[in-house]
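2 protein chains.
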Amino acid sequence: MRTFDSGKSTFVEVGPIQVARWEQQYQFGTTLPFGAMWYTVPPGESSVRDCHPEPELSIVVAGTGFVEVASGTTEIAVGSAFLLDSEEAHVIHNRTADSPLTIFSAYWMPLADQLAEPALVGEPADV
Amino acid sequence: MRTFDSGKSTFVEVGPIQVARWEQQYQFGTTLPFGAMWYTVPPGESSVRDCHPEPELSIVVAGTGFVEVASGTTEIAVGSAFLLDSEEAHVIHNRTADSPLTIFSAYWMPLADQLAEPALVGEPADV
Numbered sequence: 131m132r133t134f135d136s137g138k139s140t141f142v143e144v145g146p147i148q149v150a151r152w153e154q155q156y157q158f159g160t161t162l163p164f165g166a167m168w169y170t171v172p173p174g175e176s177s178v179r180d181c182h183p184e185p186e187l188s189i190v191v192a193g194t195g196f197v198e199v200a201s202g203t204t205e206i207a208v209g210s211a212f213l214l215d216s217e218e219a220h221v222i223h224n225r226t227a228d229s230p231l232t233i234f235s236a237y238w239m240p241l242a243d244q245l246a247e248p249a250l251v252g253e254p255a256d257v
Numbered sequence: 131m132r133t134f135d136s137g138k139s140t141f142v143e144v145g146p147i148q149v150a151r152w153e154q155q156y157q158f159g160t161t162l163p164f165g166a167m168w169y170t171v172p173p174g175e176s177s178v179r180d181c182h183p184e185p186e187l188s189i190v191v192a193g194t195g196f197v198e199v200a201s202g203t204t205e206i207a208v209g210s211a212f213l214l215d216s217e218e219a220h221v222i223h224n225r226t227a228d229s230p231l232t233i234f235s236a237y238w239m240p241l242a243d244q245l246a247e248p249a250l251v252g253e254p255a256d257v
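Protein sequences, first through last, are from chains A and B. Residues are numbered in the numbering used here as their position in the first sequence, beginning at 1, plus a constant of 130. Residues are numbered in the numbering used here as their position in the second sequence, beginning at 1, plus a constant of 130.
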């Protein structure tokens, strides 16, 4: 068994939040079928808007999250989870005055047929 | 975005613990590269000994876990994680008097070359 202590991880600043990506501090080889991280949003702060091809499953492990996506903002209590789709833009808010918000996230590349179609930037010119 | 509220999940009794397997209440298709569940160990209780080919990554989301494996028992604080190897037997204890222990777990079949060799139960007979 291996253990991973969020309190002893090395967090790096990413804008207003602190992020500890597991692959930067642990050796997993091919054991995990996903990338993993903890991140902390300080009281009153928000993450920068993020959008990526990997679906992302997140578990709130401390505090209360407010997760903003295109359809609105949802409150996520400690112990609950949210799954972001591939290419779903998101911002994570900590609306409390004094409680850090800490989240565990797992993310992975989707199957090829689950990737969003690349956006067309123009029609081919007539030739 | 989809959300998963541990407090609104349907838990079923598995010995002394309550388990909510995600695939029994949500439709994921091939989105997730792992199975997932929440489980709760009541105060003073322990899970039954479990051992399976799937590695299992667990996050303590409420309470404090004591995880017993062959090499000993380790305390896991809320927000921290533990990774059980393929075929690593484990028992999860809640040693508190009044606080439920709730854990999120993800589990998956390992790559073929990571599976434990089947135990030999005897040498082939001479012929």
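Quick reminder that beta carbons are idealized off the backbone N, C-alpha and C, glycines included. Since the structure is predicted, the reported quantities are computational estimates derived from the model, not experimental observations.
Residue i to residue j span [Cα, whole Å]
i: B/M78; j: A/G209; result: Examination of residue 78 of chain B is not possible in this model, given that chain B is present from 131 through 257 alone.
i: B/W168; j: A/F212; result: 14 Å
i: B/A207; j: A/D135; result: 8 Å
i: A/Q157; j: B/R151; result: 28 Å
i: B/M239; j: A/F164; result: 13 Å
i: A/G145; j: B/Y237; result: 32 Å
i: A/Q154; j: B/L214; result: 20 Å
i: B/N224; j: A/F141; result: 29 Å
Local Cβ density within 10 Å of residue i, reported as buried at 16 or more and exposed below that
i: A/P185; result: buried
i: B/T170; result: buried
i: B/V178; result: exposed
i: B/A166; result: buried
i: A/L241; result: exposed
Beta-carbon gap between residue i and residue j smaller than 8 Å
i: A/I233; j: A/V190; result: yes
i: B/I222; j: B/G193; result: no
i: B/L187; j: B/S235; result: yes
i: B/A227; j: B/V199; result: no
Element boundaries [beta strand (DSSP E), containing residue i]
i: B/L168; result: Leu is not the amino acid found at residue 168 of chain B; the sequence shown has Trp there. First-last of the beta strand (DSSP E) with B/W168: 165-171.
i: B/G195; result: 195-199
i: A/Q148; result: 147-151
i: B/Y237; result: 231-237
i: A/E218; result: Taken as a continuous stretch (DSSP letters only), A/E218 belongs to no beta strand (DSSP E), as it is neither H nor E.
i: B/S188; result: 186-192
i: B/G209; result: From DSSP, B/G209 is part of no beta strand (DSSP E); its letter is neither H nor E.
Closest Cα partner of residue i within the set the options
i: B/E143; options: B/S176, B/T160, B/G159; result: B/S176
i: B/C181; options: B/S201, B/L231, B/E217; result: B/E217
i: B/P230; options: B/T204, B/E205, B/P172, B/G137; result: B/P172
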